[in-house]
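Structure, as structure tokens:
Residue numbers (my numbering): 395 to 518.
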């Protein structure tokens, strides 16, 4: 398992870093405060239901205007079907790393007595 964990980390490390960075940028851009005036009111003929409060959406200016672009980079859509496939494979790799890393840690933790290590959750 350790061999696969190391080999796949070399293969997918760059893609996982890409997904992490673009995901963070997407969320930061979405949470960025708006400073502009609200956009125009609803189109003609639209009636707000009585049970709802309808407000115009704030204008997407500054970093908020980049949310869609960051999402396309994050999902791989910007690079076509190959980019989307790499993003999906990277997601599977992330799941594998989570489970295999936990499995490796539990195995090491269970076998610490065999190596004369003191008990505890973490060791040197």
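For glycine and all other residues, C-beta sits at the position ideal for the given N, C-alpha and C. These numbers were taken from a predicted model, which means no experiment stands behind them.
Remark: C-beta atoms of residue 494 and residue 395 approach each other more closely than 9 Å. Nearest to residue 425 by C-alpha distance, out of 457, 465, 464, 500, is 457. In the pairwise beta carbon analysis, the stretch 502-509 is classified as not touching the stretch 410-425: fewer than three pairs are separated by under 8 Å.
Only residues of its own chain outside the window of five on either side were considered, and among them 468, 481, 484 have a CB closer than 7 Å to the CB of residue 413, listed in chain order. Taking C-alpha positions only, residue 500 is separated from residue 399 by approximately 15 Å.
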